[in-house]
Amino acid sequence: MAVPRINVYLDVVSPFGYIAFSVLKSSPFFAKCNITYIPIFLGGLMHACQNTAPINIKNKDAWIEKERSRWARYFSLPIVKTTPEGFPPRTLSTQRALCAISQKFPDKLVPAFEALYHFFWVEGNPNIAKSEYFGPVLERVLGKNEALSIMDAMNHAEIKAILTANTNRAFNIGAFGIPWFECTNTKGETEGFWGVDHLGQVAEFLGLDVKLDNGIRAVL
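Going by my numbering, the first residue of the sequence shown is number 39, and it counts up by one from there.
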């Protein structure tokens with residue numbers, strides 16, 4: 039029997055990406071899904087869409103501060119009370135490092151995402167985009183030699199091209215923000231969904247039973 043599939047496009051800069059990642063990784067209601075986590079560069083996607091960063095829109099910046107806290111609370115997730123200083127950072131190098139991990143140590147991609155999200159959105163460290171800070175985070179996940187190889191590989195042309203290709207793919211399937219979910223149900227039908235507030239629609243489209251999950255119920 040076919041298995042529901044989710045490709046989720048993420049950049050560690052997004053608090054809603056952090057929430058979506060955490061829910062997909064930990065919720066038993068998504069356990070039967072085949073989930074692929076794909077690093078993209080949100081800044082590049084926003085540029086391709088000629089989109090404006092939400093934090094630069096009057097009133098929306100304050101609304102997002104409240105909204106991220108609400109959704110974290112719905113799903114019982116820790117999150118910083120105030121946005122890290124200097125937000126939003128330009129996470130190009132961080133996302134390239136994740137792409138390098140996806141190629142060299144694919145089994146470590148999920149724990150690497152998790153560690154970086156925790157560093158930025160739980161600890162509130164504003165230096166998520168600086169290699170001298172995110173490098174040690176990755177070292178704790180990968181090991182010293184492996185992390186050094188990633189810090190080298192992230193500057194290679196082929197890794198840069200992978201991040202560009204991932205970002206272009208997200209744009210070409212209709213994405214304009216993060217998290218973006220590309221979902222295929224057991225009938226082979228594929229649809230795209232944007233935002234943690236649409237996880238209920240994701241679950242419904244995939245035919246998942248989420249009646250007992252408070253967070254998912256909140257979005258139905």
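Glycine is no exception: its CB is placed at the ideal position from the N, C-alpha and C atoms.
request  = Identify, in the order they occur along the chain, each residue of the same chain with its Cβ nearer than 7 Å to the Cβ of Phe143, setting aside the five sequence neighbours on each side.
outcome  = Numbered from 1 along the sequence shown, position 105 holds the residue referred to as residue 143. So the qualifying residues of the chain are Leu180 and Glu184.
query = Where do the ends of the alpha helix (DSSP H) carrying Asn210 lie?
reply = Here residue 210 refers to the residue found at position 172 when the sequence shown is read from its first residue. Ala195 to Asn210 is the extent of the alpha helix (DSSP H) around Asn210.
request  = Please name the residue in Lys225, Ser64 and Leu201 whose C-alpha comes closest to that of Val41.
outcome  = Looking up residue 41 in the sequence shown gives position 3. Measuring from the Cα of Val41, the nearest candidate turns out to be Lys225.
inquiry  = Please report the distance separating the alpha-carbon of Phe231 from that of Gln239.
reply    = As a position in the sequence shown, residue 231 is number 193, starting the count at 1. As a position in the sequence shown, residue 239 is number 201, starting the count at 1. One C-alpha to the other measures close to 8 Å.
ask   = How long is the line joining the alpha carbons of Thr90 and Ala203, rounded to whole angstroms?
value = The residue labelled residue 90 in the question sits at position 52 within the sequence shown. The residue labelled residue 203 in the question sits at position 165 within the sequence shown. Their backbone Cα atoms lie some 22 Å apart in a straight line.
task = Can you give me the Cβ contacts of Arg178 inside the same chain, cut-off strictly under 8 Å, excluding the 5 residues immediately before and after it?
result = The sequence position of residue 178 within the sequence shown is 140, counting from 1. Excluding sequence neighbours, Arg178 sits near Ala153.
request  = Would you list the one or two residues that DSSP bridges to Pro77?
outcome  = Residue numbering aside, residue 77 sits at position 39 when the sequence shown is read from its first letter. DSSP lists Leu48 as partners of Pro77.
Contacting residues, own chain, Cβ-Cβ under 6 Å from Asn165 (five flanking each side not counted) = For the purposes of this step, residue 165 is identified with residue 127 of the sequence shown, where counting begins at 1. Hits under 6 Å: Tyr171.
Rounded C-alpha distance that separates Lys168 from Ala138 = Taking the sequence shown and counting its residues from 1, one reaches residue 168 at position 130. Taking the sequence shown and counting its residues from 1, one reaches residue 138 at position 100. Going by the C-alpha atoms only, they are around 16 Å apart.
request  = For Glu161, name the three-state secondary structure that DSSP assigns.
outcome  = The residue you call residue 161 lines up with position 123 of the sequence shown. It is coil, neither helix nor strand.
task = List in chain order: all unbroken alpha helix (DSSP H) runs of 4+ residues lying wholly within the region 88 to 126.
result = 98 to 112
message = With a threshold of 7 Å between beta-carbons, can Pro144 be considered close to chain C, or not?
response = No chain C appears in the structure shown, which is made up of a single protein chain.
inquiry  = Looking at the secondary structure, which residues open and close the alpha helix (DSSP H) in which Gly173 lies?
reply    = Reading the sequence shown from its first residue, position 135 is the one you call residue 173. Ser169 to Leu180 is the extent of the alpha helix (DSSP H) around Gly173.
inquiry  = Quick check on Gly215: buried or exposed, where buried means 16 or more other Cβ atoms within 10 Å of its Cβ?
reply    = Looking up residue 215 in the sequence shown gives position 177. Answer is buried; the Cβ neighbour count reaches 16.
message = I'd like to confirm the pairing. Which residues does DSSP put opposite Gly230 in its beta bridges?
response = Reading the sequence shown from its first residue, position 192 is the one you call residue 230. Looking at the DSSP assignment, Gly230 forms a beta bridge with Glu220.
request  = Report the three-state DSSP secondary structure of Arg43 (helix, strand or coil).
outcome  = Here residue 43 refers to the residue found at position 5 of the sequence shown. Note: Arg43 maps to strand in three-state DSSP.
request  = Have a look at Leu83, Ser140, Glu196 and Phe68 and flag the residue whose alpha-carbon is nearest the alpha-carbon of Asn210.
outcome  = Start at 1 with the first residue of the sequence shown, and residue 210 comes out as number 172. Here the closest residue by C-alpha is Leu83.
query = Would you call the CB atoms of Gln141 and Asp49 closer than 7 Å?
reply = For this step, residue 141 is matched to residue 103 along the sequence shown. For this step, residue 49 is matched to residue 11 along the sequence shown. Contact flag unset, no.
task = Work out the CA separation of Pro53 and Glu103 for me, nearest whole Å.
result = As a position in the sequence shown, residue 103 is number 65, starting the count at 1. As a position in the sequence shown, residue 53 is number 15, starting the count at 1. Between Glu103 and Pro53, the C-alpha separation is close to 10 Å.
Expected contact under 8 Å - CB spacing of Pro217 and Val46 to nearest Å = In the sequence shown, counting from the first residue as 1, residue 217 sits at position 179. In the sequence shown, counting from the first residue as 1, residue 46 sits at position 8. Contact flag correct, Cβ pair sits at about 6 Å.
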